[in-house]
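In our numbering, the protein residues as written are 107 to 359.
Laid out in structure tokens, this is it:
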């Protein structure tokens with residue numbers, strides 16, 4: 107039995123779920139033009155329909171297939187971004203908690219064989235954090251949640267640093283209909299979490315440079331060092347000035 111997301115999750119019967127997984131595999135790995143068209147015609151409408159949110163939740167909770175996890179996570183990210191106001195508060199909390207637990211429990215096993223699926227789930231989690239950020243202090247304690255990843259295995263470390271890098275990148279304010287909201291979110295994130303995230307990256311770099319921390323092999327150390335440097339670069343590249351409202355600049359959207 108797969109992980110369950112809670113009472114709000116839609117339930118597909120085994121035959122429907124198997125068909126959904128087959129379509130997801132064909133979507134990314136079609137063996138013919140007909141198969142590609144069929145999978146696109148079946149799946150793409152789901153990404154436009156907010157009622158698919160619970161379906162994608164169920165798929166992430168119950169599938170072990172990398173392509174299913176990838177499509178469901180990407181689809182859910184898009185739907186939540188576009189239909190955030192229609193998502194219940196309890197559902198928001200439920201999804202964040204579930205995704206964090208999923209990444210901690212199943213992420214290390216998925217990472218070696220399906221890194222792109224783990225990355226899609228990380229992006230989904232980070233987008234949830236971003237969208238929830240201004241809804242109260244309890245949604246801003248991301249560093250407390252990620253800290254447990256940095257006390258685990260090499261794969262936990264890797265996922266934890268990917269969360270920090272992706273969140274820092276996603277918090278960059280962008281032009282669009284929600285510019286003002288995202289700018290306020292970025293300002294709060296810059297002041298409350300970014301210094302700690304940068305400090306974690308620098309401390310990890312110092313520990314690795316002084317050989318106080320190793321992940322078992324030169325290759326593993328090299329991969330981890332690359333992630334640490336990516337986090338530091340992303341933090342330093344944060345658009346600090348862009349988070350400050352400028353009334354003299356005409357905002358688009």
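Where a beta carbon is used, it is the ideal one built from N, C-alpha and C, also for glycine. Given the structure is predicted, the values throughout are model-derived calculations rather than measurements.
For residue 245, the three-state DSSP class (helix, strand or coil) | Position 139 of the chain shown, counted from the start, is the residue given in the question as residue 245. Looking at residue 245 - three-state DSSP - the assignment turns out to be helix.
When DSSP labels each residue in this structure, what does residue 223 get in the three-state scheme?
-> As a first step, residue 223 must be located in the chain shown, where it is residue number 117. In this structure, residue 223 counts as helix in the three-state DSSP scheme.
Quick one: give me the first and last residue of the alpha helix (DSSP H) that residue 143 is part of.
-> In the chain shown, residue 143 corresponds to position 37, counting from 1. Per DSSP, residue 143 belongs to the alpha helix (DSSP H) from 139-153.
What is the DSSP secondary structure of residue 353, counted as helix, strand or coil?
-> The residue labelled residue 353 in the question sits at position 247 within the chain shown. Unreliable placement is indicated for residue 353, whose pLDDT of 46 sits below 50; the coordinate value is still reported in the next sentence. DSSP, reduced to helix, strand and coil, places residue 353 outside both helices and strands of the structure shown, so it counts as coil.
DSSP state of residue 136 mapped onto helix, strand, coil | Mapped onto the chain shown, residue 136 falls at position 30. In the structure shown, residue 136 sits in coil (DSSP, three-state: anything other than H, G, I, E or B).
Rounded to whole angstroms, what's the CA-CA distance from residue 261 to residue 150? Just pull it up for me.
-> Residue numbering aside, residue 261 sits at position 155 when the chain shown is read from its first letter. Residue numbering aside, residue 150 sits at position 44 when the chain shown is read from its first letter. One C-alpha to the other measures close to 32 Å.
Could you have a look at residue 264 and say whether DSSP puts it in helix, strand or coil?
-> Counting from 1 along the chain shown, the entry for residue 264 is found at position 158. Residue state, collapsed to three classes: helix.
Within this structure, are the beta carbons of residue 183 and residue 130 separated by less than 8 Å?
-> What you label residue 183 is simply residue 77 of the chain shown in a count that begins at 1. What you label residue 130 is simply residue 24 of the chain shown in a count that begins at 1. Not closer than 8 Å, so no.
Alpha carbon of residue 335 to alpha carbon of residue 341, nearest angstrom | Looking up residue 335 in the chain shown gives position 229. Looking up residue 341 in the chain shown gives position 235. If you take the alpha carbons of residue 335 and residue 341, they lie about 10 Å apart.
Give the C-beta separation of residue 234 and residue 201 to the nearest angstrom, bearing in mind that I take them to be a contact with Cβ-Cβ under 8 Å.
-> Sequence index remark: in the chain shown, residue 234 carries index 128 (1-based). Sequence index remark: in the chain shown, residue 201 carries index 95 (1-based). Contact check for residue 234 and residue 201: beta-carbon distance about 6 Å, within the 8 Å limit, so the pair qualifies.
For residue 202, which three-state DSSP category applies?
-> The count along the chain shown starts at 1 and reaches residue 202 at position 96. The answer is helix: DSSP assigns residue 202 an H, G or I state.
For residue 258, which residues from the same chain have a beta carbon less than 6 Å from its beta carbon, with the 5 sequence-adjacent residues on both sides left out?
-> The residue you call residue 258 lines up with position 152 of the chain shown. The answer is none, since no qualifying residue turns up.
Flag this pair as yes or no: are the beta carbons of residue 179 and residue 126 separated by less than 8 Å?
-> Counting from 1 along the chain shown, the entry for residue 179 is found at position 73. Counting from 1 along the chain shown, the entry for residue 126 is found at position 20. Residue 126 sits away from residue 179, with the two beta carbons spaced by 8 Å or more.
Taking the alpha-carbon positions, what's the residue 252 to residue 128 distance?
-> Mapped onto the chain shown, residue 252 falls at position 146. Mapped onto the chain shown, residue 128 falls at position 22. Straight-line Cα distance between these residues: approximately 33 Å.
Given a threshold of 16 other Cβ atoms within 10 Å of its Cβ, counted over all protein chains shown, does residue 228 qualify as buried or as exposed?
-> As a working mapping, residue 228 is identified with position 122 in the chain shown. With 16 or more Cβ atoms within 10 Å of its Cβ, residue 228 is classed as buried.
If you drop the 5 nearest sequence neighbours on each side, which residues of the same chain put their C-beta closer than 8 Å to that of residue 247?
-> Taking the first residue of the chain shown as 1, we reach residue 247 at position 141. Closer than 8 Å at the Cβ level, and outside the excluded window around residue 247, lies no residue.
Near residue 278, what residues of its chain come up, given a Cβ to Cβ distance below 8 Å and the 5 sequence neighbours on each side ignored?
-> Along the chain shown, one-based indexing puts residue 278 at 172. Cβ contact annotation for residue 278 (same chain, cutoff 8 Å, sequence separation greater than five): 292, 344, 345, 348, in chain order.
Could you pull the start and end residues of the alpha helix (DSSP H) that residue 194 belongs to?
-> Counted from its first residue, the chain shown places residue 194 at position 88. Counting along the chain, residue 194 sits inside no alpha helix (DSSP H), nor does DSSP assign it H or E at all.
Excluding the 5 residues preceding and the 5 following residue 270 in the sequence, name in chain order all residues of the same chain whose CB lies nearer than 6 Å to its CB.
-> Here residue 270 refers to the residue found at position 164 when the chain shown is read from its first residue. Correct list, in chain order: 303, 337.
Of the listed residues 195, 318, 256, nearest to residue 209 (C-alpha basis) | By 1-based counting over the chain shown, the position of residue 209 is 103. When each option's Cα is compared against that of residue 209, the closest is 256.
Would you say residue 306 and residue 265 are within 8 Å of each other, going by their C-beta atoms?
-> Mapped onto the chain shown, residue 306 falls at position 200. Mapped onto the chain shown, residue 265 falls at position 159. Cβ atoms of residue 306 and residue 265: not closer than 8 Å.
So which of 301, 221, 237, 137 has the shortest CA-CA distance to residue 268?
-> By 1-based counting over the chain shown, the position of residue 268 is 162. The shortest C-alpha separation from residue 268 is found at 221.
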